[in-house]
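Novice:
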Amino acid sequence: MLRSIGHISCGGIPGALAVATAALAGGCDKPEGEPRPTTITVTPATVTMPDIALTEQLSATVEDENGQVMPDVEIRWVVSNDEIAEVDRRGLVTGKDEGQATVWALTGRLLGSAKITVALGPRAHLGKFYEATGGPNGAWTTYTNWGTSKPVNEWYGVETDAEGNVTGLRLSSNGLSGVLPPEIKMLAHLETLALDSNGGLGGSIPPEIGELVNLKSFTISRSAFVGKIPREFGSLVNLESFIVQQDFQISPGKLSGSIPPEFGNLVNLEEVDLNGNAISGSLPPELGNLASLRRLELNANGLSGSIPPEFGKLGNLAELVIANMPSMSGPLPGELTAVPLSRFQWQGTRLCAPTDAAFQEWLQSIDNQSGSGDCDDT
Numbered sequence: 001m002l003r004s005i006g007h008i009s010c011g012g013i014p015g016a017l018a019v020a021t022a023a024l025a026g027g028c029d030k031p032e033g034e035p036r037p038t039t040i041t042v043t044p045a046t047v048t049m050p051d052i053a054l055t056e057q058l059s060a061t062v063e064d065e066n067g068q069v070m071p072d073v074e075i076r077w078v079v080s081n082d083e084i085a086e087v088d089r090r091g092l093v094t095g096k097d098e099g100q101a102t103v104w105a106l107t108g109r110l111l112g113s114a115k116i117t118v119a120l121g122p123r124a125h126l127g128k129f130y131e132a133t134g135g136p137n138g139a140w141t142t143y144t145n146w147g148t149s150k151p152v153n154e155w156y157g158v159e160t161d162a163e164g165n166v167t168g169l170r171l172s173s174n175g176l177s178g179v180l181p182p183e184i185k186m187l188a189h190l191e192t193l194a195l196d197s198n199g200g201l202g203g204s205i206p207p208e209i210g211e212l213v214n215l216k217s218f219t220i221s222r223s224a225f226v227g228k229i230p231r232e233f234g235s236l237v238n239l240e241s242f243i244v245q246q247d248f249q250i251s252p253g254k255l256s257g258s259i260p261p262e263f264g265n266l267v268n269l270e271e272v273d274l275n276g277n278a279i280s281g282s283l284p285p286e287l288g289n290l291a292s293l294r295r296l297e298l299n300a301n302g303l304s305g306s307i308p309p310e311f312g313k314l315g316n317l318a319e320l321v322i323a324n325m326p327s328m329s330g331p332l333p334g335e336l337t338a339v340p341l342s343r344f345q346w347q348g349t350r351l352c353a354p355t356d357a358a359f360q361e362w363l364q365s366i367d368n369q370s371g372s373g374d375c376d377d378t
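Next up, the structure:
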């Protein structure tokens, strides 16, 4: 739509219609003998805004037939689509939504223009996140500067790098509710996503998070998330920490389904905590590829079967918790003796320890160890 700032009257037609009509159909003539404006130039002629709520100051230069600048000529500013951008009386343009618009500078029968292109950047993508997680509804405990024109690194819980890219969202225990929007994938530089202890935040984990290839830490413990771990997470090759621990008393949701074998691609993964969920199926042998893994906690899930012998390749694993899962059964693999565990919890299962001397010596070397007994005792 056409929008005018200010008011002129030409032939009895007021407002925006008068401005457009005057500019495009001949305008209001000036008395004979007075200098006449002959050109009007808008600077800059093209503007690209990398995000919404950013501004650009336009200026208009009017010259007469002798090439002399006419500084006192009244200028009217008009925007072609005020859903994309708005312009004030001084020519200050503010981006509002993705798209293109034209801003015109008008005086008499003259018209100059600038092309405005607005993109959706971090501010817009964070706005989608804010809306989807209950921010505008007052659900958030702290929301300092969210939804304002302040730089996004001044928004509560937002971290950015030197170029202004969003690298972290730390909003633990902040009253978030609703769901994670798929648009979160647009925060392509995100490294840390910490949303734990937000009991109203749930639904399924968006598979689009698998596109955040720079993500290092993912924490959504004590939340209402349900459903499967997306296979797309196998693309998060820089992921170091995956924490979705659910507390029996205060966590309203539980993840289900199996552990995707694609997790074996996450060679930088150092810790996985899925305690208290409803993960089922068997332990994928592909987890043996996680050479950087230091901690794996799977207490009180619904896993079944035995521990794969491939776990013997986990040369950096210090903590292994696979307790309180009665469907886990069978002998512990001898290959585990190559793993330097300092904590090994396997009680509440039907797993058993081989009785050969080498395995027993390894088991007794673990400082923090509790299990279900030797294979001869079952």
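Each residue of the sequence shown is one higher than the last, beginning at 1 in this note's numbering. Just so it is clear, CB atoms sit at the ideal spot from N, CA and C, and this is done for glycine as well. Nothing here was measured: the structure is a model prediction, and the numbers come from that model.
(1) Quick one: using the 10 Å Cβ neighbour count with 16 as the cut-off for buried, is Gly27 buried or exposed?
(2) Would you identify the three-state DSSP class for Leu363, choosing helix, strand or coil?
(3) Short of 6 Å in beta carbon distance, which residues of its chain neighbour Gly281, apart from the five on each side in sequence? Order them along the chain.
(4) Does the contact criterion of 3 or more C-beta pairs under 8 Å hold for the stretch 286-304 versus the stretch 316-333?
(5) Locate the beta strand (DSSP E) running through Glu131, then write down its first and last residues.
(6) Expressed to the nearest angstrom, what Euclidean distance is found between the alpha-carbon atoms of Ile84 and Gly99?
(7) Could you check if Pro340 is buried or exposed, using at least 16 other CB atoms within 10 Å of its CB as the buried criterion?
(8) Nearest to Leu274 by CA position, among Val267, Ala105 and Thr219, is which residue?
(9) Cutting at 7 Å between CB atoms, please list the residues of its own chain near Glu208, excluding the five before and the five after it.
(10) Which value, in whole angstroms, describes the spacing of the CA atoms of Leu24 and Leu111?
(11) Should Val47 and Val93 be called a contact, given that it needs their Cβ atoms to be closer than 8 Å?
(12) Using only CA atoms, which one of Thr55, Thr117 and Thr61 lies nearest to Ser80?
(13) Considering just the uninterrupted stretch of the beta strand (DSSP E) at Trp77, what are its terminal residues?
(14) One question on the structure: do Ala139 and Gly91 come within less than 8 Å of each other, judged by their Cβ atoms?
(15) Please state whether the Cβ-Cβ distance between Ala351 and Ser306 is less than 8 Å.
(16) With DSSP run on the structure shown, which of helix, strand or coil describes Gly26?
(17) Inspect the beta-carbon positions of Val272 and Val237 and report whether they are closer than 8 Å.
(18) In chain order, which beta strand (DSSP E) runs of at least 3 residues are fully inside the stretch 268-305?
(19) Going by DSSP, which residues form a beta bridge with Met328?
(20) Quick check: the Cα distance between Gly334 and Gly202, rounded to an integer number of angstroms?
(21) Rounded to whole angstroms, what's the CA-CA distance from Pro261 to Asn165? Just pull it up for me.
(22) Pull up the CB-CB distance for Asn60 and Arg123, whole angstroms please, since I reckon it's below 8 Å.
(23) Count the other C-beta atoms from every protein chain shown that fall within 10 angstroms of the C-beta of Pro51, then say buried if there are 16 or more, exposed otherwise.
(24) Going by the beta-carbon positions, is the gap between Asn375 and Pro326 smaller than 8 Å?
(25) Any idea if Arg76 is buried or exposed, counting beta-carbon neighbours within 10 angstroms, 16 or more meaning buried?
(26) Taking the alpha carbon of Pro35 as the point to measure from, which residue in Gly108, Gly315 and Ala132 has its own alpha carbon closest?
(27) What are the partner residues of Gln57, as DSSP defines its beta bridges?
(28) Using the rule of at least 16 other Cβ atoms within 10 Å of the residue's Cβ for burial, across every protein chain shown, is Val78 buried or exposed?
(29) Take the Cβ of Ser342 as the centre, count every other Cβ of all protein chains shown within 10 Å, and call the residue buried at 16 or more, exposed below.
(30) Gly210 and Glu191: beta carbons closer than 8 Å?
(31) May I ask you to report which of helix, strand or coil DSSP gives Lys313?
(32) Around the Cβ of Pro230, are there at least 16 other Cβ atoms within 10 angstroms (buried) or fewer (exposed)?
(33) Excluding five sequence neighbours on each side, which residues of the same chain lie with their C-beta closer than 8 Å to the C-beta of Gly227?
(34) Where Pro71 and Val87 are concerned, what is the direct C-alpha to C-alpha distance, given to the nearest angstrom?
(35) For Arg222, count neighbouring C-beta atoms within 10 Å of its own C-beta (all shown protein chains included) and say buried if the count is 16 or more, exposed if not.
(36) Name the DSSP beta bridge partners of Lys228, please?
Specialist: On the basis of the supplied data:
(1) Legend: pLDDT at Gly27 = 45, less than 50; position of this residue unreliable, value from coordinates given subsequently. Gly27 is buried by the Cβ-count criterion.
(2) In the displayed model, Leu363 falls within a helix according to three-state DSSP.
(3) Cβ neighbours of Gly281 beyond the five flanking positions: Ser258.
(4) The stretch 286-304 vs the stretch 316-333: in contact.
(5) No beta strand (DSSP E) holds Glu131; the alpha helix (DSSP H) holding it covers Pro122 to Ala132.
(6) Straight through space, the alpha carbons of Gly99 and Ile84 are spaced by roughly 6 Å.
(7) exposed
(8) Thr219
(9) Excluding sequence neighbours, Glu208 sits near Pro182, Ile184 and Lys185.
(10) Note that Leu24 scores 41 on pLDDT, short of 50, meaning its location in the model is unreliable; the coordinates nonetheless yield the value given after this. Taking the straight line from one Cα to the other gives about 8 Å.
(11) yes
(12) Thr117
(13) Arg76 to Val79
(14) no
(15) In the sequence as presented, Ala is not what sits at residue 351; that position holds Leu. Their beta carbons are under 8 Å apart, which means Leu351 touches Ser306 by this criterion.
(16) Unreliable positioning characterises Gly26 in this predicted model, as indicated by a pLDDT of 44, which lies under 50. The coordinate reading is nonetheless provided below. Coil, per DSSP.
(17) no
(18) 271-273 and 295-297
(19) DSSP lists Gly305 as partners of Met328.
(20) 40 Å
(21) 32 Å
(22) Note that residue 60 corresponds to Ala in the displayed sequence, not to Asn. Not a contact, Cβ separation roughly 28 Å.
(23) In the sequence as presented, Pro is not what sits at residue 51; that position holds Asp. Counting Cβ neighbours within 10 Å, Asp51 comes out buried, since at least 16 surround it.
(24) According to the sequence as given, residue 375 is Cys; it is not Asn. Not closer than 8 Å, so no.
(25) buried
(26) Gly108
(27) Leu92
(28) buried
(29) exposed
(30) No.
(31) Of the three classes helix, strand and coil, the one that applies to Lys313 here is helix, per DSSP.
(32) buried
(33) Once the five neighbours on either side are set aside, the close Cβ partners of Gly227 are Gly203, Ser204, Ile205, Leu255, Ser256 and Gly257.
(34) Rounded to the nearest angstrom, the two C-alpha atoms are 20 Å apart.
(35) buried
(36) Ser256
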